[in-house]
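Colleague:
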Amino acid sequence: MSSLNIERKKLLGGNEDEIRQLPKWAATLVRKYNSGEASRFLLYHNIYDLIWLKNSYSNLIGFLGYLLKDRNFLLYNRSNGIQASKKDLLFEMERVFNADTRVSDPLAATKKQMNITPMLPRDPARAIPYIEQFFYEQWRTDNPEGEQLFGECGVVINFLESIIPAGEVGYMSGEDRNLWVTLQKWITTTQDKPAHNPIIFITESVSDVTQRIRENPRLVNIEIPYPDYEERLSYTRYFRVMNPAIRFEMNEEQFSHMSSGLNRIHITSMVRSASVSSEGLTYEIVRNKKKEIIESECVGLVEFVTPKYGLEHVGGMKKAKEFLRNIAKIIKDGISEEAPMGILLSGAVGTGKTFLAECFAKDCGLNVIELKNFRDKWVGSTEANLEKILNLLTTLAPIVVLIDEADATLGNRDSGGGGSDVDSRIFSKLANAMGSPENRGQILWILMTCRPDLLPIDLKRQGRCEEHISLFYPDNEQERLEIAEAMVKKNNIENTISDWSPLTKHDLSLSGADIEAILIRCRRHARNNGRKVVSQEDLLDVCKEFTPARDEMAIEYQTLVAVRESTSKEMLPEAYKITPASEIAARIEQLRPYVR
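Under the working numbering, residue 950 is the last one in the sequence shown; the count climbs by one each step, no gaps.
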């Protein structure tokens, strides 16, 4: 009989007033089920959080029990095995299982006399088929009306990634293939009455589940998001009512803003940890705990950056600093429609790309994280890591994301012919996130590289990295002096230098990093001579013997590709403003074979 001819029992009785009080994701699930649009769901992302349920907070399993309260349902995970919402349902399952066991195991009666009672199977290879058998047997009765013994029954499968993990079907074991086929049958069945029984799968990351399951068009993927500002504020007020003795240095609104990127479990942990402090919950505790929690959740995938310096500490780069100050003001003023989606900083090694990016991020006044290496050798892990990072960025917005050595980190559309298209999928996800109009003014991507020619054009186009700022070695004495003064201030170098000409008039081409290295070497030179203060003689001695350790051909190549990459002629050195683009391109091609 077609499932289209069977009227399903609606969740929550179809009470719209009750449905409107649910979180958005839960309301979506209920409405899709009640309308007949879907009955198979995959819940993912913030699955370990607390959820508001009438007059208190519950975990996800308890909340799903409330949604399925009008029917019986089975719950399964590898650790706890098969559980049921009602004891009589569990007893019936055990009775049927014991009866089957007596048929298949001739020693069952002897074992019973020895008080060895067969337990419901926990291993997925046995438990999932048994749930399916029981699930379908509910409809197979002698009653011509086809009534179920226990009415409509739902199934909740937790930790789906532990049952059918990501991987190619060709590499699955026989048992894994059987499980895959069984779950596909559950998702796609339409002809049997069980098609109306809700089945809910749960996993933290959809990328951890095999692609054939997670991308099945009959399975509705529903993300459980991290709480937004209003939800965090509501929970904070609830928590303070329940724990009035804990002191807060800030008000509830300020704390709710500061706790962006955290869920209710994190907030609970943070506030309880402050309860042992005589000062209560301070701004410092919130900042440190938030950094600790998010970095531990992401397991080295990201690092919170707390820039010490602003753009006023950057020497030279006058036009680049003016440009970035203007962007920082736009972001601070909340003019999101004028904020760039991303910024590409390119230039030869030692030009100060990373330092400039961090100083700019500080002036923006936003959270700053640096993307670390998220690639992994295990199947599905790289995509799962990236999914976790992108979800984190959304919850932490507005935020600045720093990506150093972007050409190596981001990859491209070419999978390299290695038999896997992981690189192309990773690239596609990143490109979509960087180009999403919803993220303008919310997520600012800053890419840094000395080889912008290796970055795919898709990432550098307008709508993703819209502003290309190229940095160069200081080309006059004034710029060298400004950089030297900034480095002295940054590194707290005491000195009595009155004449900087040994540095500013140095014969060799010096980068900002070279100038910093010279000054640090001067301090070491002074200490070796029994002094704490750098003298004029120290500077003269060090400058005489200093020589940069670099490949001049590579530096020239990196400089030329940075010139070609710039989207502002005003920021180019005078020599390159008048150089024809064709001449630059020709020189790049001459140097390319000699650059690794």
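C-beta atoms are modelled at their ideal positions from N, C-alpha and C, and glycine is treated no differently.
Relative to the C-alpha of residue 877, which candidate in 722, 629 and 889 has its C-alpha closest?
Modeller: Taking the first residue of the sequence shown as 1, we reach residue 877 at position 523. The option with the nearest alpha carbon to residue 877 is 889.
Colleague: CB residue 813 to CB residue 743, shorter than 8 Å?
Modeller: For this step, residue 813 is matched to residue 459 along the sequence shown. For this step, residue 743 is matched to residue 389 along the sequence shown. Not closer than 8 Å, so no.
Colleague: Between which two residues does the alpha helix (DSSP H) harbouring residue 711 extend?
Modeller: The sequence position of residue 711 within the sequence shown is 357, counting from 1. First-last of the alpha helix (DSSP H) with residue 711: 707-718.
Colleague: Going by DSSP in three states, residue 803 sits in which element: helix, strand or coil?
Modeller: Against the sequence shown, residue 803 aligns to sequence position 449. In the structure shown, residue 803 sits in a strand (DSSP, three-state: E or B).
Colleague: What's the gap between the Cα of residue 829 and the Cα of residue 918?
Modeller: Here the question's residue 829 lines up with position 475 in the sequence shown. Here the question's residue 918 lines up with position 564 in the sequence shown. Taking the straight line from one Cα to the other gives about 18 Å.
Colleague: Just reading off the alpha helix (DSSP H) that residue 417 is part of, what are its end residues?
Modeller: In the sequence shown, residue 417 corresponds to position 63, counting from 1. Segment 414-421, the alpha helix (DSSP H) holding residue 417.
Colleague: Tell me whether residue 834 is buried or exposed, calling it buried when 16 or more other Cβ atoms sit within 10 Å of its Cβ.
Modeller: Numbered from its first residue, the sequence shown carries residue 834 at position 480. Buried, by the Cβ-count rule.
Colleague: Helix, strand or coil for residue 514, going by three-state DSSP, please let me know.
Modeller: For the purposes of this step, residue 514 is taken as residue 160 along the sequence shown, with counting starting at 1. It is helical.
Colleague: For the putative contact between residue 809 and residue 781, defined by C-beta atoms under 8 Å, what is the C-beta separation to the nearest angstrom?
Modeller: Here residue 809 is taken as the residue at index 455 of the sequence shown, counted from 1. Here residue 781 is taken as the residue at index 427 of the sequence shown, counted from 1. At roughly 11 Å, the Cβ-Cβ gap does not stay under 8 Å, so residue 809 and residue 781 are not in contact.
Colleague: Mark residue 630 as exposed unless 16 or more other C-beta atoms lie within 10 angstroms of its C-beta, in which case mark it buried.
Modeller: Within the sequence shown, residue 630 is the residue found at index 276, counting from 1. It counts as exposed.
Colleague: With burial defined as no fewer than 16 other Cβ atoms inside 10 Å of the residue's Cβ, what is the status of residue 802: buried or exposed?
Modeller: As a first step, residue 802 must be located in the sequence shown, where it is residue number 448. The residue is buried, with at least 16 neighbouring Cβ atoms inside 10 Å.
Colleague: Might you give, ordered along the chain, the residues of its own chain that have their beta carbon closer than 6 Å to the beta carbon of residue 697, omitting 5 neighbours on each side?
Modeller: Residue numbering aside, residue 697 sits at position 343 when the sequence shown is read from its first letter. Excluding residues within five positions, the ones whose Cβ falls inside 6 Å are 800 and 821.
Colleague: Looking at the structure shown, is residue 554 part of a helix, part of a strand, or coil, going by DSSP?
Modeller: Taking the first residue of the sequence shown as position 1, residue 554 is located at position 200. Note: residue 554 maps to strand in three-state DSSP.
Colleague: May I ask you to list the residues that DSSP assigns as paired with residue 438?
Modeller: Working through the sequence shown from its first residue, we reach residue 438 at position 84. In the DSSP output, where bridge partners are listed per residue, residue 438 has 428.
Colleague: Just the Cα atoms here: how many angstroms apart are residue 904 and residue 618?
Modeller: Working through the sequence shown from its first residue, we reach residue 904 at position 550. Working through the sequence shown from its first residue, we reach residue 618 at position 264. Taking the straight line from one Cα to the other gives about 51 Å.
Colleague: Measuring CA to CA, which of 891, 941 and 413 is closest to residue 915?
Modeller: Within the sequence shown, the letter at position 561 stands for residue 915. Closest by alpha carbon: 941.
Colleague: Just to confirm the assignment, what range does the beta strand (DSSP E) spanning residue 721 have?
Modeller: On the sequence shown, position 367 is the one that residue 721 refers to. Residue 721 -> beta strand (DSSP E) spans 721-725.
Colleague: Please confirm if the stretch 398-410 is in contact with the stretch 473-491, defined as three or more CB-CB distances below 8 Å between the two stretches.
Modeller: No contact exists between the stretch 398-410 and the stretch 473-491.
Colleague: Starting from residue 642, follow the alpha helix (DSSP H) in both directions and report where the run begins and ends.
Modeller: As a working note, residue 642 is residue 288 in the sequence shown. Looking at the DSSP string, the run of the alpha helix (DSSP H) that includes residue 642 is 637-651.
Colleague: Given a cut-off of 8 Å, decide if residue 627 and residue 645 are closer than it, judged by their beta-carbon atoms.
Modeller: If you number the sequence shown from 1, residue 645 lands on position 291. If you number the sequence shown from 1, residue 627 lands on position 273. In this structure, residue 627 does not lie closer than 8 Å to residue 645 by Cβ.
Colleague: Out of 738, 599 and 476, which has the shortest C-alpha to C-alpha gap to residue 433?
Modeller: As a position in the sequence shown, residue 433 is number 79, starting the count at 1. Cα-wise, what sits closest to residue 433 is 476.
Colleague: Between the beta-carbon of residue 786 and the beta-carbon of residue 399, is there less than 8 Å?
Modeller: In the sequence shown, the residue the question calls residue 786 occupies position 432. In the sequence shown, the residue the question calls residue 399 occupies position 45. Cβ distance not < 8 Å, so residue 786 and residue 399 don't count as in contact.
Colleague: Tell me which residues share the same chain as residue 797 and place their Cβ nearer than 7 Å to its Cβ, disregarding the 5 neighbours each side in the sequence.
Modeller: Here residue 797 refers to the residue found at position 443 when the sequence shown is read from its first residue. Once the five neighbours on either side are set aside, the close Cβ partners of residue 797 are 747, 751, 753 and 755.
Colleague: Output yes or no for whether 8 Å exceeds the beta carbon distance between residue 862 and residue 927.
Modeller: In the sequence shown, the residue the question calls residue 862 occupies position 508. In the sequence shown, the residue the question calls residue 927 occupies position 573. Their beta carbons are not under 8 Å apart, which means residue 862 does not touch residue 927 by this criterion.
Colleague: Whole angstroms are fine: how far does the CA of residue 561 sit from the CA of residue 552?
Modeller: Position 198 of the sequence shown, counted from the first residue, corresponds to residue 552. Position 207 of the sequence shown, counted from the first residue, corresponds to residue 561. Answer to the nearest angstrom: the Cα atoms are 23 Å apart.
Colleague: In the stretch 884-915, which residue ranges form an unbroken alpha helix (DSSP H) of at least 4 residues, counting only runs that do not cross its ends?
Modeller: With a minimum length of 4 residues, the continuous alpha helix (DSSP H) runs that stay inside the stretch 884-915 are 890-899.
Colleague: Using a Cβ-Cβ cutoff of less than 6 Å, which residues in the same chain neighbour residue 540 once the five nearest sequence positions on both sides are dropped?
Modeller: For this step, residue 540 is matched to residue 186 along the sequence shown. Around residue 540: 553.
Colleague: Note down, in chain order, each residue of its chain lying with its Cβ closer than 7 Å to the Cβ of residue 760, except the 5 sequence neighbours on either side.
Modeller: By one-based count along the sequence shown, residue 760 stands at place 406. For residue 760, where only same-chain residues beyond five positions count, the Cβ hits under 7 Å are 801, 802, 803 and 809.
Colleague: Taking contact to mean 3 or more Cβ pairs, one atom from each stretch, closer than 8 Å, check whether the stretch 365-381 and the stretch 593-607 are in contact.
Modeller: Taking 8 Å as the limit for Cβ pairs, the verdict is that the stretch 593-607 does not touch the stretch 365-381.
Colleague: Do you know how far the Cα of residue 938 is from the Cα of residue 824?
Modeller: Taking the sequence shown and counting its residues from 1, the one referred to as residue 824 is at position 470. Taking the sequence shown and counting its residues from 1, the one referred to as residue 938 is at position 584. Spanning the two alpha carbons is a distance of roughly 15 Å.
Colleague: Taking the beta carbon of residue 701 as the centre, do at least 16 other beta carbons fall within 10 Å, making it buried, or is it exposed?
Modeller: Stepping through the sequence shown from its first residue, residue 701 is reached at position 347. The residue is buried, with at least 16 neighbouring Cβ atoms inside 10 Å.
Colleague: Roughly how many angstroms separate the alpha carbons of residue 679 and residue 709, rounded to a whole number?
Modeller: Along the sequence shown, read from residue 1 onward, the residue named residue 679 stands at position 325. Along the sequence shown, read from residue 1 onward, the residue named residue 709 stands at position 355. Each residue's alpha carbon lies about 15 Å from the other.
Colleague: Going by Cα to Cα distance, which pick from 651, 425 and 576 is closest to residue 620?
Modeller: For the purposes of this step, residue 620 is taken as the residue at position 266 of the sequence shown. It is 651 whose Cα lies nearest to the Cα of residue 620.
Colleague: Can you look up residue 633 in the DSSP assignment and give me helix, strand or coil?
Modeller: Sequence index remark: in the sequence shown, residue 633 carries index 279 (1-based). If DSSP states are grouped into helix, strand and coil, residue 633 belongs with coil.
Colleague: So what does DSSP say about residue 700, is it helix, strand or coil?
Modeller: Here residue 700 refers to the residue found at position 346 of the sequence shown. Strand.
Colleague: What does the alpha-carbon distance come out to for the pair residue 558 and residue 922?
Modeller: The count along the sequence shown starts at 1 and reaches residue 558 at position 204. The count along the sequence shown starts at 1 and reaches residue 922 at position 568. Each residue's alpha carbon lies about 44 Å from the other.
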